[in-house]
Amino acid sequence: MSSHVVSQKTYYFIFAILMVLLVLTVGVAEVNLGPLNFTVAMVISVAKTVLIMLFFMHVRYSSRLVQLFAAAGFGWLMIMVLLTMSDYLTR
Amino acid sequence: MEWTDVGVRPTEGFAMSSLLAHHFDDLEQQYDAASLGMWTFLVTEVLFFGGLFTGYAVYRFAYPLGFAEGSLHLDVALGTVNTTVLLLSSLTMALAVHGAQTGHRRALVGLLTATILLGCVFLAIKLFEYHDKFEHHLVPGHAFMLDHPELKGVDPRHVELYYLFYFVMTSLHALHMVIGVVAVGILTVFSAQGRYSPQYHTPIEMIGLYWHFVDIVWVFLFPLLYLIDVQT
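Residue numbers (my numbering), protein chains in the order written: chain A, 748 to 838; chain B, 43 to 274.
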């Protein structure tokens, strides 16, 4: 018994998108967008993470319970970062 | 319990029985338990690294100039190459899981070996970068020295703080890589011995999850450490 078999083609396709996102994040860093630079870099990193989790880590094909656990990790991380920064950024 | 309960033919029953620990009803329940356990561990890892990322965020917004200056002394090209190497190693790891699921033992051993090699390449480049920072006195401590600041009015102590985050975060990540390389190495030996089959290869999938997690940590470390712009 094991998880869903993801086709090799899917893995190659996801890897290609990840490489495009890597080129994009390095390219955008060279352009002066002001504070948007940080936002764009983080959005691209989150996009990469979602792709890796859904396909490489099979979250898309996992049980609801595993999906809940995976989401909880990032949910709690967001609580820590957002509550901390809502203090430090408003002093 | 009848062997038909777990969906295997009676002739496979004897081979299967050693794969199923006695406290599980069937292989599927055993797999679900392993999977959930691994994810629980990964969630604790997310919060472990999360503490560092939160600390980083606090000080980056407190000392934007110092962090931008520190980032300018890193080699973006090496960072990009290392990100590529890690993403590639995640691909070979994912394909190794596919090889295990479909019972291609030679492909499995080859892809696990490729994953190890790529992990070692990453660590070698990281070591080279560390050496460069030691030579340029950019390691926090009494020898820290900022000779030629690129940005006007930057406080060297803030740059030193950036490098403290740089070394703590990347070395903890590198430690995870070393553990990953050792774990994949053990899996390679076991795979070559033919311990895994399409029916049972849970360890390959679980170490795969760990490997991809370590990759994700780097996906965030790379832009946060290497790509800080002066404007932010």
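Even glycine gets a Cβ: it sits at the ideal position worked out from N, Cα and C. Being a predicted model, the structure only gives us computed values, none of them experimental.
Beta carbon proximity, A/G774 to chain C, threshold 8 Å: As a matter of chain content, chain C is missing from the structure shown, whose protein chains are A and B.
Segment contact flag, the stretch 790-805 of chain A with the stretch 251-263 of chain B, C-beta cutoff 8 Å, min 3 pairs: Output reads yes: the stretch 251-263 of chain B touches the stretch 790-805 of chain A.
Contacts that B/A138 makes with chain A (C-beta to C-beta distance below 9 Å): In the second sequence, residue 138 of chain B corresponds to position 96, counting from 1. Neighbours of B/A138 on chain A: none; closest Cβ ~10 Å, over 9 Å.
B/P240 to B/T157 span [Cα, whole Å]: Here residue 240 of chain B refers to the residue found at position 198 of the second sequence. Here residue 157 of chain B refers to the residue found at position 115 of the second sequence. Here the alpha carbons of B/T157 and B/P240 stand approximately 20 Å from one another.
Residues from the stretch 807-818 of chain A in contact with chain B, defined by Cβ distance under 9 Å: Residues S809, S810, L812, V813, F816, A817.
Members of the stretch 60-83 of chain B that neighbour chain A once the beta carbon cut-off is set at 8 Å: Listed by position, the residues of the stretch 60-83 of chain B near chain A (Cβ gap below 8 Å) are D68, L69, E70, Q72, Y73, D74, S77, L78, W81, T82.
Buried versus exposed call for B/R102 [16 or more other C-beta atoms within 10 Å across all chains shown]: Counting from 1 along the second sequence, the entry for residue 102 of chain B is found at position 60. Only buried fits B/R102, as 16 or more other CB atoms lie within 10 angstroms of its CB.
Cutoff 8 Å: A/V753 Cβ touching any chain B Cβ: For the purposes of this step, residue 753 of chain A is taken as residue 6 along the first sequence, with counting starting at 1. True, the Cβ-Cβ gap to chain B drops below 8 Å.
Partner residues on chain B for A/K795, Cβ-Cβ distance less than 7 Å: As a working mapping, residue 795 of chain A is identified with position 48 in the first sequence. In chain order, V261 make up the part of chain B whose C-beta sits under 7 Å from the C-beta of A/K795.
Under the three-state DSSP convention, the category B/M211 falls into: For this step, residue 211 of chain B is matched to residue 169 along the second sequence. Reduced to three states, the DSSP call for B/M211 is helix.
Cα-Cα separation between B/Y242 and B/L116, rounded to whole angstroms: Translated into the one-based positions of the second sequence, residue 242 of chain B becomes position 200. Translated into the one-based positions of the second sequence, residue 116 of chain B becomes position 74. Between B/Y242 and B/L116, the C-alpha separation is close to 44 Å.
Classification of B/G121 by the beta-carbon crowding that lies within 10 angstroms, buried from 16 upward: On the second sequence, residue 121 of chain B is found 79 positions in, with the first residue counted as 1. Counting Cβ neighbours within 10 Å, B/G121 comes out buried, since at least 16 surround it.
Backbone CA spacing between A/I761 and A/G774 [nearest angstrom]: The residue given as residue 761 of chain A occupies position 14 in the first sequence. The residue given as residue 774 of chain A occupies position 27 in the first sequence. If you draw a straight line from the Cα of A/I761 to the Cα of A/G774, it is about 20 Å long.
Residues near B/L267 by beta carbon distance below 6 Å, same chain, minus five either side: Residue numbering aside, residue 267 of chain B sits at position 225 when the second sequence is read from its first letter. Excluding sequence neighbours, B/L267 sits near Y208.
N- and C-terminal bounds of the alpha helix (DSSP H) containing A/Y758: As a first step, residue 758 of chain A must be located in the first sequence, where it is residue number 11. Note, A/Y758: alpha helix (DSSP H), 755-777.
Nonlocal neighbours in the same chain, by C-beta distance under 6 Å from B/L128, ignoring five residues either side: The residue you call residue 128 of chain B lines up with position 86 of the second sequence. Take B/L128, set aside five residues on each side of it, and the residues of its chain with a beta-carbon closer than 6 Å to its own are F164, D257, W260, in chain order.
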